[in-house]
Amino acid sequence: MTGSTPYGSPADRYGGDVLAGDWRRGRRPVSAPRPAEVGLVVEEVETGWCGAVVRTEKAGGVHVVVLEDRHRRTRTFPLGPGFLVDGTPVVLTAPAAAAPPAPARRTASGSVAVRGARARVARGSRILVEGKHDAELVEKVWGDDLRLEGVVVEMLDGVDDLEGAIRDFAPDSGRRLGILVDHLVPGTKEWRVVEQARNLRPYAGHTLVLGHPYVDVWQSVRPERLGLREWPVIPKGTPWKAGICAHLGWPHETVADTARAWRRILATVRTYADLEPALLASVEELIDFVTAPEH
35 MTGSTPYGSP ADRYGGDVLA GDWRRGRRPV SAPRPAEVGL VVEEVETGWC
85 GAVVRTEKAG GVHVVVLEDR HRRTRTFPLG PGFLVDGTPV VLTAPAAAAP
135 PAPARRTASG SVAVRGARAR VARGSRILVE GKHDAELVEK VWGDDLRLEG
185 VVVEMLDGVD DLEGAIRDFA PDSGRRLGIL VDHLVPGTKE WRVVEQARNL
235 RPYAGHTLVL GHPYVDVWQS VRPERLGLRE WPVIPKGTPW KAGICAHLGW
285 PHETVADTAR AWRRILATVR TYADLEPALL ASVEELIDFV TAPEH
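Heads up, this note's numbering is the position in the sequence shown plus 34, with the first residue counted as 1.
See below:
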């Protein structure tokens, strides 16, 4: 025909061959995967059933979705293709399993750690302990809790003048004093000193003196942490710490040797579970006492 041009040329009014390619494809929307989350409203194509997703489950080895219509009737359909969401075809899939909640982080004392918390300004109340090793052990296990509560731990350097220490501090209803004493066993010198100090007026109601039965705070660490079945009995006349070091095969001739031994023992303590219950109970009670609401 005169004036005709090949298909696809600029003069072609209809473009290329309209029958070229697969004319059956390209006009139907493609179904996209969609998690069957609870509350999602979908329509099942074959039955026209429309409802909200109630749940997904496995029935007879097949994953199914349960839909509830506006009359609160439910029907179950296999997960997969054949559904519409807002008129758009989807392939319903099982929703991703919810991740388990992260376990609460805990402090070494076993309490739940408060994320982002800042140390509280120190309150007037105090806890006194007998020496440096006691203070370091309390700090390692209860330090996070004490900072959050604003409680300061100070060294007492022995209990020979316990009454004088209480008088110097002068506790009252808004400024309580807790004291932790080593080797608090009936009949000992420490027991007699503490019994007298507990009745010191006018401070008795604002002071709490507790202790543990161990010769030294070293002994409040569970012996298993050091590979022992129990702490050894040290003969009278032998300095207790030196005897412990000798039993463990550690140097013990100097003060520096003893300090290194304590650092090794302290390093084995990870949490409250590495300490003996008698110490735990006393320290926890002292913390409760000095942080109780002020009157």
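In this text, a Cβ means the ideal position worked out from N, Cα and C, and glycines have one as well.
Determine the burial state of residue i: buried for a count of at least 16 other Cβ atoms within 10 Å of its Cβ, exposed for fewer.
i       : result
Ser-207 : exposed
Cys-279 : buried
Ile-299 : buried
Asp-322 : exposed
His-246 : buried
Arg-210 : buried
Pro-205 : buried
Gln-253 : buried
Ala-131 : exposed
Thr-81  : exposed
His-240 : buried
Thr-288 : exposed
Lys-275 : buried
Val-79  : exposed
Asp-216 : buried
Trp-57  : In this prediction, Trp-57 has a pLDDT of 45, which is less than 50 and means its spatial position is unreliable; nothing more can be read from the coordinates.
Ala-199 : buried
Gly-55  : At Gly-55 the pLDDT is 49, less than 50, meaning the model places this residue with poor confidence and gives no usable figure here.
Ala-70  : buried
By DSSP's criteria, residue i is part of a beta bridge. Which residues make up the other side?
i       : result
Pro-285 : None, per the DSSP bridge assignment.
Gly-114 : Answer by DSSP bridge pairing: none, since Gly-114 is not bridged.
Leu-242 : Gly-212
Lys-92  : His-97
Pro-123 : Leu-118
Leu-162 : Glu-188, Ile-213
Glu-78  : Phe-117
Cys-279 : For Cys-279, which the question treats as bridged, DSSP gives no partner whatsoever.
Pro-69  : Thr-127
Val-87  : Leu-101
Arg-109 : Leu-101
Here's a check: name, in chain order, each residue in its chain whose Cβ is nearer than 6 Å to the Cβ of residue i, leaving out the five neighbours to either side.
i       : result
Ile-213 : Leu-162, Val-243
Glu-102 : Gly-85, Ala-86, Val-88, Thr-108
His-97  : Leu-113, Ala-128
Pro-285 : Asp-291
Ala-315 : none
Thr-110 : Val-98, Val-100
Tyr-248 : Ser-254
Val-72  : Val-87
Leu-196 : Val-227, Ala-231
Trp-296 : His-167
Lys-92  : none
His-281 : Pro-266
Tell me which residues share the same chain as residue i and place their Cβ nearer than 7 Å to its Cβ, disregarding the 5 neighbours each side in the sequence.
i       : result
Ala-238 : Arg-232
Ser-65  : Pro-115, Pro-123, Val-124, Val-125
Glu-319 : Leu-244
Trp-265 : Gln-253, Pro-257
Using CA coordinates, which residue listed in the options is at the minimum distance from residue i?
i       : options                            : result
Val-331 : Val-317, Gly-277, Thr-90           : The shown model of the chain, from 35 to 329, leaves out residue 331, and the question about it has no answer.
Val-119 : Lys-92, Val-76, Leu-234            : Val-76
Pro-273 : Ser-254, Thr-302, Asp-250          : Asp-250
Val-99  : Pro-311, Arg-106, Leu-74, Ala-312  : Leu-74
Asp-308 : Arg-259, Lys-270, Thr-241          : Arg-259
Arg-304 : Phe-117, Ala-312, Val-172, Gly-95  : Val-172
Pro-327 : Glu-91, Gly-95, Arg-157            : Arg-157
Trp-68  : Phe-117, Val-187, Asp-216, Leu-218 : At residue 68 the sequence reads Arg, which differs from the Trp that was named. The shortest C-alpha separation from Arg-68 is found at Phe-117.
Leu-262 : Thr-302, Ala-293, Arg-106, Glu-188 : Thr-302
Arg-106 : Gly-121, Trp-83, Glu-91            : Trp-83
Identify, in the order they occur along the chain, each residue of the same chain with its Cβ nearer than 8 Å to the Cβ of residue i, setting aside the five sequence neighbours on each side.
i       : result
Gly-192 : Glu-164, Gly-165
Arg-201 : Leu-234, Tyr-237
Val-187 : Arg-160, Ile-161, Leu-162, Val-163, Ala-169, Val-172, Glu-173, Leu-180
Asp-194 : Val-227
**Q.** Segment contact flag, the region 223–232 with the region 176–186, C-beta cutoff 8 Å, min 3 pairs
**A.** no
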